[in-house]
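K.L.:
At position 201 of the sequence shown the residue is numbered 213 (the working numbering), and the sequence of numbers has no breaks. From the three backbone atoms N, C-alpha and C, an ideal C-beta is built for every residue, glycine too. None of the values given here were measured: they were computed from a predicted structure.
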Amino acid sequence: MSLKIYDWPTGPFPARVRIALAEKGLLEQVQFERINLWKGEHKTAEFKAKLSYSGTVPVLELEDGTIIAEVNAIITFLDNLDDDQSLTGRTPAQKGIILNMTRRAELEVQEVISTYFHNATPGLGPDVEIYQNKEWGLYQLAKGLRGLRHFDELLQKQPYVAGDEFSMADIALVGGMLFAAMIDVEVPSDLTALFAWYKRVQERPSVKQQIDRGFLDGSKL
Ligand SMILES: N[C@@H](CCC(=O)N[C@@H](CS)C(=O)NCC(=O)O)C(=O)O
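(1) Ile86 by DSSP, collapsed to three states: which one?
(2) Starting from Ala174 and walking both ways along the alpha helix (DSSP H), at which residues does that stretch end?
(3) Which partner residues of Phe44 appear in the DSSP bridge assignment?
(4) Is the beta carbon of Leu160 sitting closer than 8 Å to the one on Leu190?
(5) Cβ atoms of Ala174 and Ile86: under 8 Å apart, would you say?
(6) Determine the direct distance from the alpha carbon of Met13 to that of Tyr151, and round the result to whole angstroms.
(7) Using the DSSP secondary-structure output, state which residues sit across from Leu72 in a beta bridge.
(8) Report the rounded CA-to-CA distance for Glu215 versus Leu15, giving the unit in angstroms.
(9) Please return the same chain residues whose Cβ sits closer than 6 Å to the Cβ of Trp148, not counting the five positions on each side in sequence.
(10) Using the three-state DSSP reduction, which class does Gln142 fall into: helix, strand or coil?
(11) Throw me the rounded Cβ distance for the Asp91 and Thr78 pair, which I believe falls under 8 Å.
(12) Would you report the Cα separation of Leu63 and Thr133, rounded to the nearest angstrom?
(13) Let's see if you can read the secondary structure: which residues bound the alpha helix (DSSP H) around Arg225?
(14) Excluding the 5 residues flanking Gln122 on each side, which residues of the same chain have their C-beta closer than 6 Å to its C-beta?
(15) Can you tell me where the alpha helix (DSSP H) with Tyr128 in it begins and where it stops?
(16) In terms of residues, what are the limits of the alpha helix (DSSP H) holding Gly187?
(17) So which of Gly52, Leu72, Leu185, Leu153 has the shortest CA-CA distance to Leu39?
(18) Out of curiosity, what's the CA-to-CA distance linking Arg225 and Gln144?
What follows is the structure in structure tokens.
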């Protein structure tokens, strides 16, 4: 099987798909094609028509030309290629809880930090950021910090974001931590359960590889 991913190598959203690929032993089967976000290649009419109407990466293309965009959709596809749905849940209840907690990690952490980046910082530059609202961006940053505190409280009671096992929900929270690091959002040091969890998930080669990759191209973005 050969898979193609339209990618931004330093991006915290594509990093989540790389973690899932490594978990499923599929990293070597993927060809990555770089989309230059600084040049707005993800906002062209062609990209939106062929790959993702939302104008974001990553996007997966299968051998037969089938397109799957959105991190959770891509991870769900990858997790269903074998008989062990280790990332998205093996029982109906696990599937529900994992999706619930994955969306929570996105809505309360990664996506709001991303909104802060695109609205209250120069983001991807004036050619790409055609509308910015600094006040909204700062409001979202505060929400993201509250979200991290919520996950710290949750992780005082359970080892992983969706319960006893590592899952797609942990990958989503790692995405939030990576985004925070990339744009220098400081995670409060008193969130000790969150940091203990971050250390624990880095015992997995899939996660450690992504953190050790650091930020490519010599710059953070
Ligand atoms: N909801 C999307 C979000 C993806 C996303 O925001 N990706 C970033 C790359 S790390 C992006 O394409 N940003 C460009 C932009 O928002 O202009 C998903 O889960 O795939």
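P.N.:
If we stick to the structure as given:
(1) Along the sequence shown, one-based indexing puts residue 86 at 74. Three-state result, Ile86: helix.
(2) Numbered from its first residue, the sequence shown carries residue 174 at position 162. It is not in any alpha helix (DSSP H) - Ala174 carries neither H nor E in the DSSP assignment.
(3) Locating residue 44 in the sequence shown gives position 32, where the first residue counts as 1. DSSP, once it has assigned bridges, lists Ile17 as partnering Phe44.
(4) Here residue 160 refers to the residue found at position 148 of the sequence shown. Here residue 190 refers to the residue found at position 178 of the sequence shown. No, the pair does not count as a contact, with Cβ atoms beyond the cut-off.
(5) Here residue 86 refers to the residue found at position 74 when the sequence shown is read from its first residue. Here residue 174 refers to the residue found at position 162 when the sequence shown is read from its first residue. No, the Cβ-Cβ distance between Ile86 and Ala174 is not below 8 Å.
(6) Locating residue 151 in the sequence shown gives position 139, counting from the first residue. Locating residue 13 in the sequence shown gives position 1, counting from the first residue. Taking the straight line from one Cα to the other gives about 44 Å.
(7) In the sequence shown, the residue the question calls residue 72 occupies position 60. Leu72 is bridged to Ile17, Ile80.
(8) As a working mapping, residue 215 is identified with position 203 in the sequence shown. As a working mapping, residue 15 is identified with position 3 in the sequence shown. So the alpha carbons of these two residues sit roughly 27 Å apart.
(9) Here residue 148 refers to the residue found at position 136 when the sequence shown is read from its first residue. These residues qualify, in order along the chain: Asn131.
(10) The residue you call residue 142 lines up with position 130 of the sequence shown. Correcting the residue identity first, residue 142 is Ile in this sequence and not Gln. In this structure, Ile142 counts as coil in the three-state DSSP scheme.
(11) Within the sequence shown, the letter at position 79 stands for residue 91. Within the sequence shown, the letter at position 66 stands for residue 78. Not really, about 17 Å apart at Cβ, beyond 8 Å.
(12) Mapped onto the sequence shown, residue 63 falls at position 51. Mapped onto the sequence shown, residue 133 falls at position 121. Rounded to the nearest angstrom, the two C-alpha atoms are 27 Å apart.
(13) Reading the sequence shown from its first residue, position 213 is the one you call residue 225. Unbroken alpha helix (DSSP H) run through Arg225: 217-225.
(14) Translated into the one-based positions of the sequence shown, residue 122 becomes position 110. Leaving aside the five residues that flank Gln122 on each side, the residues in its chain whose CB is nearer than 6 Å to its CB run, in chain order, Gly187, Gly188, Phe191.
(15) To locate residue 128, count along the sequence shown from 1; it is residue 116. Unbroken alpha helix (DSSP H) run through Tyr128: 123-132.
(16) Position 175 of the sequence shown, counted from the start, is the residue given in the question as residue 187. 180-194 is the span of the alpha helix (DSSP H), which, as asked, contains Gly187.
(17) Here residue 39 corresponds to residue number 27 of the sequence shown, with the count starting at 1. Selected option, being the one with the closest Cα: Leu72.
(18) Mapped onto the sequence shown, residue 225 falls at position 213. Mapped onto the sequence shown, residue 144 falls at position 132. Each residue's alpha carbon lies about 30 Å from the other.
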